[in-house]
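Colleague: First to last, the protein sequences are chains A and B. Here this note's numbering is used: the first residue of the first sequence is 100, the next is one more, and so on. Here this note's numbering is used: the first residue of the second sequence is 21, the next is one more, and so on. Ideal Cβ placement from N, Cα and C applies to all residues, glycine included. Got a structure here, written out as structure tokens. Questions coming.
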Amino acid sequence: MRPEVYQYNFDWMLWRTLEAASKVADGYDKEYRRMLPYIPYFRGIVEPFINLGDPGIAFFKLIDKYLKNIVSAHEQGKKIVMSTFCFSPTIFYAMDIVPVTLEVLTTLGSVMWKRGATEYMDFCVELGFTETSCSSQRGCLGAYLAGLGEEIDMLVINTAGICDTNANAFAFAKTFMDKPFYSLNYPASLTDPEANQYHRDDFKALIRFLEDQTGKKLDQDRLGKILEEVARQEAIVGEMEELQRLIPNPLPVTYNFLIYGGRFFFSGMPEYTGILEEMVKVVRQNAEKARSGISSGKEKLRAFMFYIDHYALNLQLWDFFDKHDISHIGSILSRSFKDDSPYVKGMEDVAYHIDATNLDTMIDSIAMINSRMPMVRSIRGPYDRPNMWLEESLALAKMYKADCLIYNGTPGCRNTWSNVKLIARDMEKAGYPTHIMYGDAFDDRVESWEATAARLDEFFTVRGLL
Amino acid sequence: MMEIFEEAASGITNRYITDWVNSGKKVIGYTCSFLPPEIFHAAGILPYRLRGITTESMEISDAYYGPYVCTFPKCLLQLAGEKKLSFLSGAVISTGCDAMRRLDECWRKTGEDYPGSIPDFFHYFDVPHKTDPHAIQWFENEIRKLIRKIETDYHVNITEENLKQSISLYNHGRMLLWEIEKQRSLKDAKISGTDAFSIAVAGTVMPREAFNDALEQLLPDLSRQKSNPANGNRRIMVAGSINDDIELIRLIENAGSTVVADNICFGIRSESDQVDMDDEPISALTRHYLSNSVCPRMFGAYRQRFDLLKAKIERAGVEGIILQNIRFCDLHGSENGLFERDFEKMGIPCLRLEREYGPLTETGRMKMRIEAFLERMA
């Protein structure tokens, strides 16, 4: 890593950047306009979010708070846990533990900084971690292994049995930093009684681990309140995702990023509910006017990303979609599968239920939430088994009237690269033009965004979609 | 005597498998050392650890697997597609790692496109990644499911008594293997690393009775044999990703070393590698096969594996370690980074060697790096 990169703490840099962004809209519009030329790269993120109005501005403020919590956690006497995006942070908030979620912080670096998080990715390799591992962890992880972040107190993941490269990154970090570690581990099946019992037992053991680490008992009242907040949030998201079925889709293109990003950062926090309430107002208005959420107001195509999105500088994937009048109707990260979400109809077995009646029902609920998180839910078993990747993707593609399906991931994703050709073939057979992107969602050195965009263009043209 | 083992270790099939199949008996292939072969043996079925050596192209497997995937499962799929595994009546795919567990789907789809390339009995065997009590329970359920499926599909009865006999036989085989391990790690070893590794690999593809008999004949011969002076050869341990290719070990030894120990999942594990005979057999198999956290697929158990390697180093007087991994094997690749850090600190030179699985297409490059490593040690 270049010596100058050592000079600044990763978490502080992110925090200060987002803190500045969160204040941009506080002044007069003229001040804001005069300021933009001074942030030639960062304006690519600032402008679209400010243009979203209250939800975008509030999103900045909430990420600012998330990051501030990290850098000040120890001053406040709180423990810090290193965790993963597909682990619901709800239990951490209930136990007053501050999460550092590797993938979402890598994403922040990738979309905000011209150099992305690549120097930190490479630093992992300097330490002996494989270059072929997933870039989503390597970015943030490299910074923490370099000591450029607040000290981590423990590591908690839920990707054993789901994603080797993810779990392996945390196992490496656990050894390297010599910190306590708990890994939830999932069986190949999702819905049978044995699997449900296992999810429950494993989560109870996790709670004991967290109690040992913090020296505090799980606060039942606090957990109940947070779960109720999660239920409120998911109800709003459910309404938006139901309206997303309309043609044209009334959701602004970046809303799906705000929805799942918000869930990974802030699930159960009341401020996130506030953002969602603002978002749903916009979506309702668009729906009433039969207006597309795309900037032009026109929808030419509906694309379903059946794995993850692409986080090149300035969220260029979303910008590309918006400029080409393509509705982004979600990815594997989008939907949470709460039992009252309208799209769950026909897939009830997969859904989770929130019941805050007593501690046992709450623990069951939170174990269910975690077992239904993206990836954890549908790439655990063979892809063509009931409820798994193929069935879920095709059901959602049909429900949301997708015109085409697109795969994007990272070369580190051993799991999906081992069967993406199979699922793409099945999707084509089902009548969906399907495109496999060969770049890296977090590292555009693998394939530049320009090359990725050219290939997307080619796909849309050759298949007669645009 | 060594020819028996070398022949069995050098090809996809061998004379024992041919005789076994010709006599109307069944063979089931399996993919991972976390699966107890005693179960198949107790059913009168020959357990066969799936191997990918002798693969000459990837034209079939590349149609199913993506590009960023380890070449070991790709080689298995290629051989299956070419019907070179047609002696199998069944296959069990374990969740050893992500690429390996997806062999389940890739092989099934290959079976649709290349009729006759997939055996009738095809089972997905889920293995936990930790050893907590609830994970042990889950693993035991998986073993019981597998037993029920074998009983149903093969019309056999796997009794407790049969299982105990099979466990006893396999324990005896492991004990004999440990004797080989002792011979190879002597100051003036009586058996080369290549031969010791051949024996271990042969044990995964030969009927256990024949394997034990052959070992019992070999061991007295070995102890009578004159010691093989080390001739200044460096004492090397090989660890890391899956390897069943004796040519890799031969390459390392031909470069001027003796492989006095290994920690590879086809190799010889440890003295304590015995299933408890006093316990109820399924429970004993469960605890034995899951609680040995010998593979980095068991996340968070680095310290156990480090201690295991350290014990092997001390016992065999290892002077340097070759930490190899197949490209895209992040589990071993990353752990090799940690081993390198910790063993180098202890003054034990390490070489990290990334390679492709299969015919040694990179022999020149690897030989040069190994020779440079041995020079560094000198």
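#1: I need the boundaries of the alpha helix (DSSP H) containing Gly260 of chain B, first residue and last residue.
#2: Quick one: which chain B residues come within Cβ less than 7 Å of Phe186 of chain A?
#3: At which residues does the beta strand (DSSP E) containing Val197 of chain A begin and terminate?
#4: In this structure, does DSSP put Ser114 of chain B in helix, strand or coil?
#5: Is it buried or exposed for Gln296 of chain A, if we count other Cβ within 10 angstroms and need 16 for buried?
#6: For Glu160 of chain B and Cys262 of chain A, what's the separation of their Cα atoms in angstroms?
#7: Say whether the region 48-64 of chain B touches the region 110-129 of chain B, bearing in mind that this needs 3 or more beta-carbon pairs closer than 8 Å, one atom from each stretch.
#8: My guess is that Ser209 of chain A and Val336 of chain A are in contact by the Cβ rule of under 8 Å, so how many angstroms apart are they, rounded?
#9: Which one of A:Glu557, A:Asp408, A:Asp439 and A:Trp212 has the shortest CA to CA distance from Ala540 of chain A?
#10: Consider the Cβ of Asp140 of chain B: report whether some Cβ of chain A lies at a distance smaller than 7 Å.
#11: Which residue's Cα is closest to the Cα of Ser232 of chain A: A:Ala242, A:Asn265 and A:Thr205?
#12: On a CA-only basis, which of A:Asp525, A:Met474 and A:Arg484 is nearest Thr515 of chain A? Give me that one, please.
#13: Can you pull the chain A residues whose beta carbon is under 8 Å from the beta carbon of Val89 of chain B, in chain order?
#14: Quick one: what's got a C-beta closer than 6 Å to Phe222 of chain A's C-beta in the same chain, skipping five residues either side?
#15: Mind checking whether Gly320 of chain B and Ser282 of chain A have CB atoms under 7 Å apart?
#16: Spell out a yes or no on whether the region 217-229 of chain B and the region 279-291 of chain B are touching, meaning 3 or more CB-CB pairs, one atom from each, closer than 8 Å.
#17: Taking the alpha carbon of Gly143 of chain A as the point to measure from, which residue in A:Ser477, A:Met211, A:Lys160 and A:Gln106 has its own alpha carbon closest?
#18: Taking Cβ to Cβ, would you say Leu343 of chain B is nearer than 7 Å to Gly213 of chain B?
#19: How would you call Tyr137 of chain A, buried or exposed, if buried means at least 16 neighbouring beta carbons within 10 angstroms?
#20: Closer than 8 Å, Cβ to any Cβ of chain A: which residues of the region 311-328 of chain B, in chain order?
#21: Could you work out which residues of chain B lie near Pro485 of chain A, taking near to mean beta carbons separated by less than 7 Å?
#22: Is there a Cβ of chain B sitting closer than 7 Å to that of Lys178 of chain A, yes or no?
#23: Counting along the chain, where does the alpha helix (DSSP H) carrying Asp215 of chain B start and finish?
#24: Could you give the C-beta distance for Gly116 of chain B and Phe60 of chain B, rounded to a whole number, given that I count them as a contact under 8 Å?
#25: Just tell me which of B:Leu268, B:Lys169 and B:Arg389 has its CA closest to the CA of Ser218 of chain B.
#26: Tell me the rounded alpha-carbon separation between Asn108 of chain A and Phe191 of chain A.
#27: Counting only runs that start and end within the region 142-227 of chain A, where is the beta strand (DSSP E) found for 3 or more residues in a row?
#28: Report the three-state DSSP secondary structure of Val123 of chain A (helix, strand or coil).
#29: In chain order, what are the residue ranges of uninterrupted alpha helix (DSSP H) at least 4 long that sit wholly in the region 56-111 of chain B?
#30: Note down the Cα distance separating Arg164 of chain B from Asp195 of chain A, rounded to an integer number of angstroms.
#31: Relative to the alpha-carbon of Cys349 of chain B, which residue among A:Ser517, A:Glu490 and A:Val545 has its alpha-carbon at the smallest distance?
#32: In angstroms, rounded to a whole number, what distance separates the CA positions of Leu414 of chain A and Ser303 of chain B?
#33: Just how far apart, CA to CA, sit Arg128 of chain B and Lys122 of chain A?
#34: Where does Leu309 of chain A land, buried or exposed, given buried means 16+ other C-beta within 10 angstroms?
#35: Only counting the same chain, and skipping five residues up and downstream in sequence, which positions put a Cβ closer than 6 Å to that of Ala155 of chain B?
#36: For the region 218-233 of chain A, enumerate the residues whose C-beta is nearer than 7 Å to any C-beta of chain B, in chain order.
Modeller: To lay it out plainly:
#1: Premise fails: Gly260 of chain B lies in the beta strand (DSSP E), Arg254 to Gly260, not in any alpha helix (DSSP H).
#2: Here the premise fails: no neighbours, minimum Cβ distance about 14 Å.
#3: Val197 to Thr200
#4: strand
#5: exposed
#6: 23 Å
#7: yes
#8: Not quite, the Cβ-Cβ distance comes to about 24 Å (not below 8 Å), so this is no contact.
#9: A:Asp408
#10: no
#11: A:Asn265
#12: A:Met474
#13: Arg513, Trp516 and Ser517
#14: Met100, Gly241 and Ala245
#15: yes
#16: yes
#17: A:Met211
#18: no
#19: exposed
#20: Pro316, Arg317, Phe319, Gly320, Tyr322 and Arg323
#21: In chain order: nothing, as chain B lies at least about 14 Å away.
#22: no
#23: Gly213 to Ala222
#24: About 17 Å separates the two Cβ atoms, so there is no contact after all.
#25: B:Leu268
#26: 24 Å
#27: 179-182 and 197-200
#28: helix
#29: 58-62 and 91-101
#30: 41 Å
#31: A:Ser517
#32: 52 Å
#33: 56 Å
#34: buried
#35: Pro148
#36: Leu226, Gly227, Phe228, Thr229, Thr231 and Ser232
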